[in-house]
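Number of protein chains: 2
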Amino acid sequence: MTHRRPTMNDVARAAGVSLKTVSRVVNGELTVDPALAARVRAAIGSLNYRRHLGASMLRRKDRRTGTIGLLVEDVGNPFSAALHRAVEDEARARGVHVLAGSLDEDPDRERDLVRAFARRHADGLILAPAGPDQGYLAADLPPDVPVVFVQRPATGFAGDCVLARDAAGAVRAVRHLIAYGHRRIAFLGGRADAATTGERRRGYLSAVDAAGLRPFMIDGLRGSQAAEAVTRNLFRRPRPPTALFTGRNLITIGAVRALRLLDRHRDAALVGFDDFPLADLLEPAVTVIAQDPAEMGRAAARALLERIDGETAEPREISIATTLIPRGSGELRPQVRATGS
Amino acid sequence: MTHRRPTMNDVARAAGVSLKTVSRVVNGELTVDPALAARVRAAIGSLNYRRHLGASMLRRKDRRTGTIGLLVEDVGNPFSAALHRAVEDEARARGVHVLAGSLDEDPDRERDLVRAFARRHADGLILAPAGPDQGYLAADLPPDVPVVFVQRPATGFAGDCVLARDAAGAVRAVRHLIAYGHRRIAFLGGRADAATTGERRRGYLSAVDAAGLRPFMIDGLRGSQAAEAVTRNLFRRPRPPTALFTGRNLITIGAVRALRLLDRHRDAALVGFDDFPLADLLEPAVTVIAQDPAEMGRAAARALLERIDGETAEPREISIATTLIPRGSGELRPQVRATGS
DNA sequence: AAATCGTGAGACAACGTTGTCTTGCAGTAG
DNA sequence: CTACTGCAAGACAACGTTGTCTCACGATTT
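If you read the protein sequences in the order shown, they are chains A and B.
Letter 45 of the first sequence, counting from 1, is numbered 49 in the numbering used here, and no numbers are missing.
Letter 147 of the second sequence, counting from 1, is numbered 151 in the numbering used here, and no numbers are missing.
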């Protein structure tokens, strides 16, 4: 006799009851005599029986798998990892598990992973959109599987959406620098097509405009090294900026490296979007507009779990505040006085 | 008519073939006339049919789900996140998806999550053991589901094991400090029952012994704040250490904070186990024994996928080298000359 | 005391898919 | 021209579970 997985039938035989009674006990129905139920549970224990999830799901159509999918930019970066962790905590409190995947800003990968999670019967999805359009979700996802978007808004599919107040945060950063006397403030932004970058850029522009300054933007930076190179070039120009506003944590780190190499880290001001670990231990410590990835994760998970529990209200947009954390680098005053008025 | 999920039968009717033929096409069997297969595929496309994973798994017993489970200490910490990312990349190349969970060093949670993943038919598990014994795996996991352990060895269950050379790395760190003239070297370690801490402590002790020095250990630190507090107390003593060797990244960071606050960061030497982002940008930059979490993740994933593909050799132990990265903090010489011989 | 009700427990079918067996048909050898 | 082979494609059962229906039995009502 080979190592066969025990079935409800085996349990029923061992306990001397019918198959159906075992099913009832396993599903916690209360219409079973306690003595019988105890016998069944004993048999389950001694056979080490586990219900076959597939068979169960096959029979009952409404069945939840107790799994949600989380699709973020990169499970390895601190922002996504913190969000993941918060989602996991919130889910765990409800007995729900989390499947996570990294998109790498690749729309094809986004669609692939959505399909994969749909096949695995995820009860719902938390998605940080990578592609420009999420219309495909209607076709790839069963109609009763809700999606909550985080970080970036979605196009072409309705769902709750948890966003940081990107534009407001950017305005705050620029005003802060202006308050410290800066008039040449450069913006170093990420990929041009990412919605977050767009919002931050918009905030930068409007604040710069409102103050009557000339905007100075470099867009489309992909990573820390690109940001470092660009920053070094920036300070070779005849009239370099006196302050930098960087659009995301990797760019901020690249800028810090460049300023350090150029030995400008004590006079060029820097405010970064996104907090990052150890920002407070650098010299000078880095002033940031902090998002709250944990709060975003919690909010997204809560919204999703409510939808899964049947909430049918109109999709909401939940926006999570950003905080300016002054640490030093953003409070440096310009060294070279502007010659104008 | 309600929104019913299309079945193979629906596809068969639409394509004018039998149910079984659809099954053959879906499973890529080659015994189907190309013209028929094309008709079937067209029908699948127009109905947007997806095979019901549960029903499929129910019927074929050998079926892989294409999912592996990853159980790490905390998906939010940089080490685990990097490992996760590497596992995901390696798995993705084989079309396999990754379910991840955080254990928080809690043995109960470890067992819970293993059960949860078993229920979801994970094809295999990568586990960084939290508890002292993994004997329960034999009962909770079907006999054909392989487990690969990372970071810490397992007890009571056979499986491949991917470890960093913890003891060797610790010896290296201590020798490095000794070479720079230190004779009072303190060790700040993590939880006493974690195998990694044990190994690192062992390495510290043997290197200190070999040099004829007196060991000086503080164990059981849980996080960054505990490490910070302990370090501050340490330097209030009459003869404080001239060098610190810290047992993991969170402890290193706590120690850095304390040294900074005490303004000892320019004279007390520090070598940390585990690299961490921005260690090179601190002042002084932090010398570390770097593990290679990405390499560990890749090795673990490869080993697991081989096992899943039927590899049956004896369990291997794969050990991944650590690297000493000198950056400054570990090359500070002791300021107060020892008065001895 | 007969009729009614409520409740616990079993019989049976069905979920969507795949393994096995059978059928039908064309091609080929005798 | 018959018999046999090979192969594509269909018929049917089975996987392990749960929904629905039915039955038996004791308690309550008339």
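All C-beta atoms, glycine included, are put in the ideal place defined by N, C-alpha and C.
Since the structure is predicted, the reported quantities are computational estimates derived from the model, not experimental observations.
With a cut-off of 8 Å, do at least 3 Cβ pairs link the segment 122-129 of chain A to the segment 51-69 of chain A? yes
Three-pair Cβ contact test at 8 Å for the segment 134-146 of chain B versus the segment 114-122 of chain B: yes
Residues in the same chain with beta-carbon distance under 6 Å from ALA177 of chain B, minus the five sequence neighbours each way, listed in chain order, please. PHE249, VAL275, ILE293
Within 9 Å (strictly less), CB to CB, does VAL79 of chain B reach chain A? yes
So, is GLU318 of chain A buried or exposed, given that buried needs 16 or more other C-beta atoms within 10 angstroms? exposed
Buried or exposed: which applies to GLU77 of chain B, given that a residue is buried once 16 or more other Cβ atoms fall within 10 Å of its Cβ? buried
Where ALA342 of chain B falls: helix, strand or coil (DSSP): Here the model assigns ALA342 of chain B a pLDDT of 44, short of 50, so the residue's position is not dependable and the matter cannot be decided.
Thinking just about the alpha-carbon of each residue, which of B:ALA304, B:ILE329, B:PHE277 is nearest to the one in PRO157 of chain B? B:ALA304
Quickly, what does DSSP pair THR327 of chain B with across the bridge? List them, please. B:ALA294
What did DSSP end up calling LEU51 of chain A once you bin it into helix, strand or coil? helix
For the segment 193-221 of chain A, which segments carrying the alpha helix (DSSP H) assignment without a break, of at least 4 residues, lie completely within its bounds, in sequence order? 199-214
Look up THR159 of chain A in the DSSP assignment and say whether it is helix, strand or coil. coil
If you measure from the beta carbon of LEU131 of chain B to each beta carbon in chain A, is any gap under 9 Å? no
For VAL15 of chain A, the first and last residue of its enclosing alpha helix (DSSP H): 12-19
Can you tell me where the beta strand (DSSP E) holding LEU75 of chain B begins and where it ends? 71-76
Beta-carbon proximity list for THR326 of chain B, same chain, < 6 Å, skipping 5 on both sides: ALA168, ARG169, GLY173, ILE293, GLN295
9 Å Cβ cutoff, THR69 of chain B in contact with chain A: yes
Within 10 angstroms of the Cβ of ASP278 of chain B, are there 16 or more other Cβ atoms? Answer buried if so, exposed if not. buried
Using 8 Å as the cut-off, can you tell me whether the segment 84-98 of chain B makes contact with the segment 53-65 of chain B, which would need three or more C-beta pairs spanning the two stretches below that distance? no
Tell me the DSSP secondary structure of PHE83 of chain B in three-state form. helix
Does any residue of chain B have a CB that is nearer than 9 Å to the CB of GLY226 of chain A? The question names Gly, but residue 226 of chain A in the sequence shown is Arg. Taking Cβ atoms only, chain B never reaches closer than 9 Å to ARG226 of chain A, which makes this a no.
Quick test of your reading: GLY251 of chain B and GLY193 of chain B, contact by CB under 8 Å. State the CB separation rounded to the nearest angstrom. 4 Å
7 Å CB neighbourhood of ARG98 of chain B in its chain, flanking five on each side removed: LEU309
Does GLU335 of chain A come out as helix, strand or coil in the three-state DSSP assignment? coil
What are the residues that DSSP puts in a beta bridge with ALA190 of chain A? A:LEU248
With distances taken from CA atoms, which of B:GLY32, B:LEU254, B:SER50, B:GLU33 is nearest ALA19 of chain B? B:SER50
Quick one: which residues of the segment 319-336 of chain A get their C-beta closer than 8 Å to a C-beta of chain B? List them in chain order. none
Skipping 5 residues on each side, what residues in its chain have a beta carbon closer than 6 Å to that of PRO338 of chain A? GLY185, HIS186, THR246
Complete alpha helix (DSSP H) runs within the segment 100-146 of chain B (minimum length 4 residues, chain order): 111-123, 141-144
Does ILE257 of chain B come within less than 9 Å of chain A when only Cβ atoms are used? yes
For VAL166 of chain A, the residue or residues it bridges with in DSSP: A:VAL154, A:ILE322
Where DSSP assigns a beta bridge to GLY276 of chain B, which residues make up the other side? B:THR250, B:VAL292
Would you say ALA86 of chain A lies against chain B (beta-carbon separation less than 9 Å)? yes
Element boundaries [alpha helix (DSSP H), containing ARG28 of chain A]: 23-30
To the nearest angstrom, how far is the alpha carbon of ALA259 of chain A from that of LEU286 of chain B? 15 Å
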